[in-house]
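Engineer: For the record, the sequence lines run as chains W and E. Using my numbering, the first residue of the first sequence is number 1, and each one after it goes up by one. Using my numbering, the first residue of the second sequence is number 1001, and each one after it goes up by one. From the three backbone atoms N, C-alpha and C, an ideal C-beta is built for every residue, glycine too. Every value quoted in this text rests on a predicted model; they were computed, and no experiment measured them. Please see the structure below; I have some questions.
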Amino acid sequence: ADAMPRQKVEIDNKIAMERIRATIALDPSLPWTETLTVTYPETINVDVEDDLNRELAFYKQALHSAQTARSFAQKANFPFTRPADYFAEMVKSDSHMERIRQRLLDESAGMKRAE
Amino acid sequence: IDQDHGPVMKKPRNKQRVLMLSSRGINHRMRHLMNDLEALLPHVKKDSKLDSKNHLHLLPELADLNNCNNTLYFEARRHEDLYMWAAKTPNGPSIKLHVQNIHTMDELKMTGNCLKGSRGILSFDKAFDESEWGKLTKEVFTHIFGVPPQARKAKPFIDHVLTFSILDSKIWFRNFQIIEKDPLQPNGPPQMSLTEIGPRFVLTPIRIFEGAFSGATVYSNPEFVTPAAVRSALKREKGDKYGNRKH
Chain W
1 ADAMPRQKVE
11 IDNKIAMERI
21 RATIALDPSL
31 PWTETLTVTY
41 PETINVDVED
51 DLNRELAFYK
61 QALHSAQTAR
71 SFAQKANFPF
81 TRPADYFAEM
91 VKSDSHMERI
101 RQRLLDESAG
111 MKRAE
Chain E
1001 IDQDHGPVMK
1011 KPRNKQRVLM
1021 LSSRGINHRM
1031 RHLMNDLEAL
1041 LPHVKKDSKL
1051 DSKNHLHLLP
1061 ELADLNNCNN
1071 TLYFEARRHE
1081 DLYMWAAKTP
1091 NGPSIKLHVQ
1101 NIHTMDELKM
1111 TGNCLKGSRG
1121 ILSFDKAFDE
1131 SEWGKLTKEV
1141 FTHIFGVPPQ
1151 ARKAKPFIDH
1161 VLTFSILDSK
1171 IWFRNFQIIE
1181 KDPLQPNGPP
1191 QMSLTEIGPR
1201 FVLTPIRIFE
1211 GAFSGATVYS
1221 NPEFVTPAAV
1231 RSALKREKGD
1241 KYGNRKH
């Protein structure tokens, strides 16, 4: 690792970045429903090589944010939950979801056989 | 009584449109990642590949022609390295990042699904607010990855959450489906859970420029090592091993 070349000049112009951010910042009076952005009140402190705990930390962040967002939506009287009778095109097609289901079935069958 | 006589106050709106395009030389995985983002972000307008990597200054004009105020440009190098430029056009800033560990929605391991065009929740962890580059990146990503309510194909319900997390000086991206009912207990208390939809990728910030694909550098990441340098260091290490054995 000591053979890795390092970039020599570090630039971190905080004043310029703050000024630039002010020029593009969204109107602070925008209702939350315009952006749906949530900040997770924690930082992610896990061993980056530990796949299981790393993904668990991301999951916890996502779950916390989804729950926070749902309560924000309720307060704003903003529709959140999809009604059971609402159907529309999904990002993954039915045939793709069928392949996922088949793979899960194959996997559980394989595990049963191994037992 | 109708009190609304004065000039109508215009409701503030979050108006965002994103031009997305790539350079030549992207491989299938990179192309699939772009297709995934296009499926998830209905305010994205995809354009054909940019002819030359040396003409990035054309991008702000191209975005303007497409009525876009953001540009997401994917630049492939050596058919294996991918860089992402996230820019506010036409006035900047632009953030250049290195994209790694790409997993697309095609992978069967990720079992979640969501409506095409539904607006995702954007989740940023606290670390974004602890540095100026983090705050600026959060602002730009909010514009680019947040689907505005009036996007043409947006759906009126919320069924997924996009997370951005800083770990190991990198930005990790995940996308989860929100499941509000326990499928094993459909009549029980609503217990929220998630399943991953994809895609997945990791971004290493490299530089932030003041302008749109131009201008002064206001941030450079001292920890960034180019992927080519990593590969040549690995090769050199292997070569050294052979040399040491020989002598």
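Look at the alpha carbon of A1228(E) and the alpha carbon of R1077(E), and state the distance between them as a whole number of angstroms.
Structural biologist: C-alpha separation (whole angstroms): 10 Å.
Engineer: Where in the segment 1146-1206 of chain E do unbroken runs of the beta strand (DSSP E), each at least 3 residues long, occur, reported from the N-terminal end onward?
Structural biologist: Counting only runs of 3 or more, we get 1160-1167, 1170-1179 and 1193-1196.
Engineer: So with Cβ pairs under 8 Å, would you call Y1219(E) a contact of chain W?
Structural biologist: Yes, Y1219(E) counts as interfacial toward chain W.
Engineer: Taking the alpha-carbon of R1200(E) as reference, which of L1033(E), G1025(E), K1011(E) and P1012(E) has the nearest alpha-carbon?
Structural biologist: Out of L1033(E), G1025(E), K1011(E) and P1012(E), L1033(E) has the C-alpha closest to the C-alpha of R1200(E).
Engineer: Using the C-alpha atoms, what's the distance from T1111(E) back to F1176(E)?
Structural biologist: So the two alpha carbons sit approximately 10 Å from each other.
Engineer: Nearest by alpha-carbon distance to F1164(E): which of R82(W), L63(W) and A25(W) is it?
Structural biologist: Answer by Cα proximity: L63(W).
Engineer: Could you compute how far the alpha carbon of R1024(E) sits from the alpha carbon of L1041(E)?
Structural biologist: Computed Cα separation, rounded: 22 Å.
Engineer: With T37(W) and L1122(E) assumed to form a contact (beta carbons below 8 Å), what rounded beta-carbon distance in angstroms separates them?
Structural biologist: Sure, about 4 Å apart at Cβ, within 8 Å.
Engineer: Within the same chain, show all residues whose beta-carbon is closer than 8 Å to that of A73(W), passing over the 5 residues directly before and after it, in chain order.
Structural biologist: Only T33, P79 and F80 meet the Cβ criterion.
Engineer: Would you identify the three-state DSSP class for T35(W), choosing helix, strand or coil?
Structural biologist: T35(W) falls in the coil class under three-state DSSP.
Engineer: What is the rounded straight-line gap between the Cα of E1237(E) and the Cα of R1245(E)?
Structural biologist: Cα-Cα distance, rounded: 12 Å.
Engineer: Can you give the Cα-Cα distance for M1020(E) and E1139(E), rounded to whole angstroms?
Structural biologist: Roughly 18 Å between the two C-alpha positions.
Engineer: Should L1059(E) be labelled buried (16 or more other beta-carbon atoms within 10 Å of its own) or exposed?
Structural biologist: Under this definition L1059(E) is a buried residue.
Engineer: Can you tell me where the alpha helix (DSSP H) holding Y59(W) begins and where it ends?
Structural biologist: Element bounds for Y59(W): D51 to K75.
Engineer: Is the Cβ-Cβ distance between M1084(E) and I1197(E) less than 8 Å?
Structural biologist: Cβ atoms of M1084(E) and I1197(E): not closer than 8 Å.
Engineer: Run through the segment 1036-1094 of chain E for me and flag every whole beta strand (DSSP E) of 3 or more residues, listed as ranges in chain order.
Structural biologist: You should have 1044-1046, 1070-1077 and 1081-1088.
Engineer: The ligand PLP and K1241(E): does the residue's C-beta get closer than 7 Å to at least one heavy atom of that ligand?
Structural biologist: No copy of the ligand PLP occurs in the structure displayed, which carries no ligand at all.
Engineer: Any beta-carbon of chain E closer than 8 Å to the one on Q67(W)?
Structural biologist: True, the Cβ-Cβ gap to chain E drops below 8 Å.
Engineer: What residues from chain E crowd round D27(W), counting only those whose CB sits closer than 7 Å?
Structural biologist: Neighbours of D27(W) on chain E, chain order: P1012.
Engineer: Could you give the first and the last residue of the continuous beta strand (DSSP E) run that contains T1217(E)?
Structural biologist: That run of the beta strand (DSSP E) goes T1217 to S1220.
Engineer: Please return the same chain residues whose Cβ sits closer than 8 Å to the Cβ of D50(W), not counting the five positions on each side in sequence.
Structural biologist: If we look at D50(W) and ignore the five residues flanking it on each side, it has no Cβ neighbours.
Engineer: What's the gap between the Cα of T23(W) and the Cα of N77(W)?
Structural biologist: The alpha-carbon atoms of T23(W) and N77(W) are separated by roughly 31 Å.
Engineer: Within 10 angstroms of its Cβ, does N1054(E) collect 16 or more other Cβ (buried), or is it exposed?
Structural biologist: N1054(E) should be labelled exposed.
Engineer: Within 8 Å of any Cβ in chain W, is that where the Cβ of E1203(E) sits?
Structural biologist: Correcting the residue type first, residue 1203(E) is Leu in the shown sequence and not Glu. No, L1203(E) does not count as interfacial toward chain W.
Engineer: With 16 as the cutoff for other CB atoms within 10 Å, does H1057(E) come out buried or exposed?
Structural biologist: So H1057(E) counts as exposed.
Engineer: Are the C-beta atoms of A88(W) and some chain E residue less than 8 Å apart?
Structural biologist: Closer than 8 Å to some Cβ of chain E, the Cβ of A88(W) qualifies, so yes.
Engineer: Could you check what DSSP says for Q7(W) in three-state terms: helix, strand or coil?
Structural biologist: For Q7(W), the predicted structure reports a pLDDT of 47, less than 50, and the residue's modelled location is therefore unreliable. The matter cannot be settled from this model.
Engineer: If we cut at 8 Å on Cβ distances, does K14(W) have a partner in chain E?
Structural biologist: Cβ-Cβ to chain E under 8 Å: yes for K14(W).
Engineer: List the endpoints of the continuous beta strand (DSSP E) containing D1125(E).
Structural biologist: Residues I1121 to D1125.
Engineer: Would you call the segment 1125-1144 of chain E and the segment 100-108 of chain W touching, i.e. three or more CB-CB distances under 8 Å?
Structural biologist: Segments in contact, no.
Engineer: Could you tell me which residues DSSP pairs with L1115(E) in its beta bridges?
Structural biologist: The partner list for L1115(E) (beta bridge, DSSP) reads M90(W).
Engineer: For a contact meaning CB atoms closer than 8 Å, what does T1111(E) contact in chain W?
Structural biologist: Within chain W, the residues near T1111(E) are I100 and L104.
Engineer: So which of Y1219(E), V1161(E), H1079(E) and F1074(E) has the shortest CA-CA distance to Y40(W)?
Structural biologist: The shortest Cα separation from Y40(W) among Y1219(E), V1161(E), H1079(E) and F1074(E) belongs to V1161(E).
Engineer: What's the C-alpha gap between S1193(E) and G1120(E)?
Structural biologist: One C-alpha to the other measures close to 15 Å.
Engineer: Helix, strand or coil for V46(W)? Go by DSSP, reduced to three states.
Structural biologist: Reduced to three states, the DSSP call for V46(W) is coil.
Engineer: Here's the rule: buried if 16 or more other CB atoms are within 10 angstroms of the residue's CB, otherwise exposed. What is S65(W)?
Structural biologist: Buried, by the Cβ-count rule.
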